[in-house]
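Read the structure below first, then the notes.
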Amino acid sequence: MNEDLGLRVLSEIMQWNDDEARTEFRWLRLMARLKYDGYRDFQAGMRFIESLATWLQQFGTAEQRRTAYDFVRKALVYIGPNEMQRLVEQLYPKVVRDRLVRMVAKERGIPPYRVYADEDARRAVERLRRQTLFMGLSDGARIDGLRHSNVGLLNNEQLVVSTQLDTEKWQDLVGQLEDALEDKQAKFRLIYLIDDFMGTGTSFLRYNEQKAKWSGKLTKFKESIGLARQGLGGKQIFADDWELCIHHYIGSHAASTIMVEREAEARSSLRSEGWASAVHFSFGTVLPAKLPIDAPGNDFGDFIKLTNIFYDPIIRTKHTDVGGKAHLGLGYGGCALPLILDHNTPNNSVALLWAETEGGEREGGLIAPAMSPLFRRRQRHV
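Just so you know, we're using the working numbering here: the sequence shown kicks off at 2 and counts up by one.
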């Protein structure tokens with residue numbers, strides 16, 4: 002479907018008069034070209050305007066369609082590739098370098114602003130930079146982009162795409178570090194675990210009530226380095242005082258506060274020989290506290306009603322239950338975000354944006370409506 006035809010169809014669906022159509026067409030053309038057409042998971046041959054027309058037709062009345070369209074017009078937040086690349090580029094100069102400087106300043110008892118004026122301190126920063134390892138928690142970490150944006154500062158031997166490494170890879174990383182520093186006792190002192198987005202933080206760290214223990218990506222990382230030490234015959238990979246830094250390019254306001262508390266609760270369970278002396282959280286950007294559509298003061302009550310009316314419970318799984326909310330109308334964990342990332346839609350966003358089902362009879366005789374997504378989501382387990 003070409004753009005002009007898509008707009009005419011959309012105008013008929015929305016029942017716009019000529020003046021309304023002209024105004025909305027200008028906005029739609031602008032936003033489609035500037036942002037939304039770049040979404041990576043549209044079906045072949047489909048772009049935003051066609052997807053919007055299809056999406057709106059699932060709503061039964063003209064009033065419901067206006068409510069849904071107003072939500073897209075006024076609430077939707079789309080983070081495109083340029084914004085994401087900027088967040089990747091800012092990781093080292095805004096977050097990592099500051100930590101390196103402050104660590105060296107503290108160790109030498111000098112103010113941070115004096116570090117680069119002191120030759121020995123400057124060399125200590127360079128050494129500490131090489132003792133920093135960057136690891137991706139998923140492909141959203143964009144390790145390749147991080148590598149390219151820091152040529153001459155970081156090298157290939159301190160950037161790895163996964164946290165689950167075999168013994169041979171760990172041995173290679175440590176060996177490369179020893180050679181680079183010309184020190185057979187050299188160890189990593191800072192580890193950065195990197196991902197694109199954190200909504201609730203439950204996939205990273207949560208308490209599993211059934212197993213009565215902490216679980217998530219953090220505990221899996223802890224287990225993997227324990228296995229690596231065993232495979233290396235007990236050889237240390239990290240310095241005794243090594244620190245763990247968890248960085249997400251984007252975080253919800255809730256995640257930015259709750260993760261510090263959650264890690265503090267889990268600390269006694271995580272602490273063991275060889276574990277980090279400190280754990281730090283950082284974010285490239287934190288979404289506003291008022292972004293969730295159900296936040297106090299927001300006026301999206303009519304759209305929230307739609308998330309209950311046009312809802313298929315089949316999207317609930319054992320993985321989504323981890324978020325603590327059985328009903329996913331407002332998204333995983335009830336985050337209620339109107340958020341789209343250019344490479345995928347978080348399941349923390351309201352389900353009407355991403356859920357795709359055929360509808361039908363469900364448990365208890367419920368006849369569920371089919372759900373048509375505006376931005377299709379590639380499903381990943383929590």
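Even glycine gets a Cβ: it sits at the ideal position worked out from N, Cα and C. Predicted, not measured: the structure shown is a model, and the values here were computed from it.
DSSP, reduced to helix, strand and coil, places Asn349 outside both helices and strands of the structure shown, so it counts as coil. Beta bridge pairing from DSSP links Arg207 with Ser216. Nearest to Arg131 by alpha-carbon distance, out of Pro82, Asn151 and Lys326, is Asn151.
Taking a C-beta distance under 9 angstroms as the contact criterion, Val105 and Ala118 do not qualify as a contact pair. Taking the Cα positions, Arg378 is about 11 angstroms away from Asp343. Here Glu357 is near Pro374, since their CB atoms are less than 9 angstroms apart. Leu329 and Ile341 do not touch by the CB rule: their CB atoms are close to 17 angstroms apart, not below 8 angstroms.
Between Ser225 and Gln165, the C-beta spacing is below 9 angstroms.
Rounded to whole angstroms, the separation of the alpha carbons of Leu29 and Ile14 is 15 angstroms.
Counting other Cβ atoms within 10 Å of its Cβ, Pro289 stays below 16 and is therefore classed as exposed. Residues of the same chain with their beta carbon placed closer than 6 angstroms to that of Arg74 are lacking, with the five preceding and five following residues left out of the count. Sequence-distant Cβ neighbours of Met372 in its own chain, meaning closer than 8 angstroms and more than five residues away, are Gln59, Phe311, Tyr312, Asp313, Ile316, Ala352, Leu353, Ala356, Glu357, Thr358 and Gly360. Assigned with DSSP and collapsed to three states, Trp56 falls in helix. Taking Ser350 as reference, the option from Gln159, Tyr333 and Asp300 with the minimal CA-CA separation is Tyr333. DSSP places Trp17 outside both helix and strand once states are collapsed to three, so it counts as coil.
When only Cα atoms are considered, Val126 and Leu101 end up about 6 angstroms apart.
Asp196 is positioned such that its CB atom lies closer than 9 angstroms to that of Tyr250. Pairing Asn299 with Thr286, the inter-Cα distance amounts to about 22 angstroms. Taking a contact as a CB-CB distance under 8 angstroms, the pair Phe376 and Tyr40 counts as one, their CB atoms being some 6 angstroms apart.
Under the rule that a run must span 3 or more residues, the beta strand (DSSP E) segments found entirely inside the region 304-354 read 340-342.
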